[in-house]
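Sequential numbering from 195 applies to the sequence shown in our numbering.
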Amino acid sequence: MAEKNSLKSLVVDPLNDNNPITVQVLGICSALAITVQLKPAIVMALSVMVVTAFSNLIISLLRNLIPNRIRIIVQLVVVAALVILVDQVLKAFAYDVSKQLSVFVGLIITNCIVMGRLEAFALANPPGKSFMDGIGNGLGYGVILVLVAFFRELLGSGKLLGFEVLGHKGATIADSTGLYAMGYENNGLMLLSPMALIVVGLIIWAQRAKNRKLIEN
195 MAEKNSLKSL VVDPLNDNNP ITVQVLGICS ALAITVQLKP AIVMALSVMV VTAFSNLIIS
255 LLRNLIPNRI RIIVQLVVVA ALVILVDQVL KAFAYDVSKQ LSVFVGLIIT NCIVMGRLEA
315 FALANPPGKS FMDGIGNGLG YGVILVLVAF FRELLGSGKL LGFEVLGHKG ATIADSTGLY
375 AMGYENNGLM LLSPMALIVV GLIIWAQRAK NRKLIEN
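This is the structure we're talking about:
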């Protein structure tokens, strides 16, 4: 039972109490770059989760064989190989999203969350726990990315996953439907990169308002 609870906490804790973005303040750059639309944010979140989980698993399996002096190099090689694999899969099966993500898939190699979990957890824990830790931190990262992208795409373009959800915006109010027929206008500021930081900041504020123990003294 204790083992089961331990594995559960590895997945659940990063979703809130130990979230890699809002609590550990890691992986902020991609929250700025690829959260204008929901679809690339979801794909990026899944990509990071896969890389984090399997790099944790591989490094944990090799942890007793890796000389301490070259551990960072070995970690980078493992992460780079997984990122290349993910990138090729995206190009083969989701080419349009791959083009949208551009170089940011490759930059997963330098993502602080991935390297941080390898150093802090995978090198000191068995494969099963390390894999679940990677899944948990990948999910925690992904939840914030998806939340930020949800608000930015909805308020910035009136769409979600490319579909018009607030109505159709015509050339005039008379030609428009939904909220646009009542004079609603998209907030173009939401599509600018600095707004991602503001949205993340609001999420951090809401999280700490609900969970007071996260407030730093």
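Positions of the beta carbon are idealized from the N, C-alpha and C atoms, including for glycine.
On the DSSP bridge assignment, give the partners of residue 353 in chain order. 358
Taking the continuous alpha helix (DSSP H) assigned at residue 210, which residues delimit it? First-last for residue 210: undefined, no H or E at that position.
How about residue 342 and residue 291: do their beta carbons lie closer than 7 Å? no
Alpha helix (DSSP H) segment containing residue 313, residue limits: 306-314
Buried or exposed for residue 367, going by 16 or more other Cβ atoms inside 10 Å? exposed
Just the C-alpha distance for residue 222 and residue 377, rounded to the nearest angstrom, thanks. 35 Å
Between residue 328 and residue 250, which are expected to be in contact by the criterion C-beta below 8 Å, what is the C-beta distance as a whole number of angstroms? 4 Å
Since residue 268 and residue 245 are thought to touch, with beta carbons under 8 Å apart, how far apart are those beta carbons, to the nearest angstrom? Actually they do not touch by this definition, with Cβ atoms about 15 Å apart.
With 16 other CB atoms within 10 Å as the buried threshold, where does residue 357 fall? exposed
For residue 339 and residue 247, I'd like the C-alpha separation in whole angstroms. 18 Å
Here's a check: name, in chain order, each residue in its chain whose Cβ is nearer than 7 Å to the Cβ of residue 446, leaving out the five neighbours to either side. Outside the shown range of the chain, which is 195 to 411, sits residue 446, and nothing can be said about it.
Extent of the continuous alpha helix (DSSP H) to which residue 290 belongs: 289-295
Examine the Cβ distances between the region 309-321 and the region 283-298 and report whether three or more of them are shorter than 8 Å. no
Closest Cβ-Cβ distance between residue 334 and chain D: below 7 Å? Absence of chain D from the displayed structure is noted, only one protein chain being present.
Under a three-way DSSP split, which group does residue 335 fall into? helix
Where do the ends of the alpha helix (DSSP H) carrying residue 395 lie? 387-404
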